[in-house]
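Each residue of the sequence shown is one higher than the one before, counting from -6 in this note's numbering.
Even glycine gets a Cβ: it sits at the ideal position worked out from N, Cα and C.
Computed from a predicted structure; not experimentally measured.
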Amino acid sequence: MTASPQPSGRSFPGSGLAKGLAVTLRTMTKKTVTAQYPETQPDLPPRTRGVIGLFEENCTVCMLCARECPDWCIYIDSHKETVPPAAPGGRERSRNVLDRFAIDFSLCMYCGICIEVCPFDALFWSPEFEYAETDIRDLTHERDKLRDWMWTVPAPPALVPAAEEPKEYAAARKSADRTAAQQAAEAATAAQPEPNRPEPTRPEPTQPKPDRPEDGDAR
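See below:
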């Protein structure tokens, strides 16, 4: 059997302590980089997954986010209301009205599936992260709290210069321009004075002619 190689250098007692003290002394002379939280707030990336904000006006209660959530941590309640017809003789319509929208963040795994599948852009990522609670039951936040987090959502990044405009924006702009042109034309037509039309001439009344005497009658 071959003997294991012996270490070339010999360690003296207390060498480990001396090395540790040397590292400590070198660190003490350097500038500290520790952020004193919460006095100093961290500079978070723009796509930080903190909490989920709700833009309630865009929610149509389609339940797609709740069905696709793998943790089943989204709770939605709603009721139907009848909307009167927009024009006389039209049909009444029914729409869903949101009663409750809550997310249990003790179950949420921040996968972002609910935000991706929302067809009407009602859910957004917020960089807010200071929502710790002492009781796990308080981590179920209702729609009022989710709406408050909506105002902490950062603005979307600017479009790339010379990039093609999205088709949805172009279609919406064309529709708005068409409606504005139609309204301007109607306003110009309503403001234009009517042309002076000549009054119709009435025929003068004809006087009856006197009867001429017949030949041979006495005048």
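Can you give the beta carbon distance from residue i to residue j, rounded, assuming they're within the 8 Å contact cut?
| i | j | result |
| --- | --- | --- |
| residue 64 | residue 100 | 5 Å |
| residue 120 | residue 47 | With 8 Å as the limit, residue 120 and residue 47 do not qualify as a contact, their Cβ atoms being about 16 Å apart. |
| residue 105 | residue 42 | 7 Å |
| residue 97 | residue 133 | 4 Å |
| residue 146 | residue 113 | Not a contact, Cβ separation roughly 16 Å. |
| residue 69 | residue 107 | Between residue 107 and residue 69 the Cβ distance is about 11 Å, and since that is not below 8 Å, they are no contact. |
| residue 88 | residue 74 | 6 Å |
Going by Cα to Cα distance, which pick from the options is closest to residue i?
| i | options | result |
| --- | --- | --- |
| residue 34 | 159, 149 and 122 | 122 |
| residue 94 | 66, 110, 144 and 76 | 66 |
| residue 40 | 4, 56, 103 and 19 | 103 |
| residue 54 | 90, 139 and 77 | 90 |
Going by DSSP, name the residue or residues bridged to residue i.
| i | result |
| --- | --- |
| residue 74 | 88 |
| residue 136 | Bridge partners of residue 136: none, in fact. |
| residue 93 | 70 |
| residue 118 | 45 |
Do residue i and residue j have their CB atoms nearer than 9 Å?
| i | j | result |
| --- | --- | --- |
| residue 58 | residue 110 | yes |
| residue 115 | residue 32 | no |
Would you say residue i touches the ligand MG, meaning its beta carbon is less than 8 Å from a heavy atom?
| i | result |
| --- | --- |
| residue 17 | The ligand MG is not part of the structure shown, which contains no ligands of any sort. |
Mind listing, in chain order, the continuous alpha helix (DSSP H) runs of no fewer than 4 residues lying wholly within the stretch 7 to 67?
Contiguous alpha helix (DSSP H) elements confined to the stretch 7 to 67 occur at 8 to 21 and 57 to 61, taking only those with 4 or more residues.
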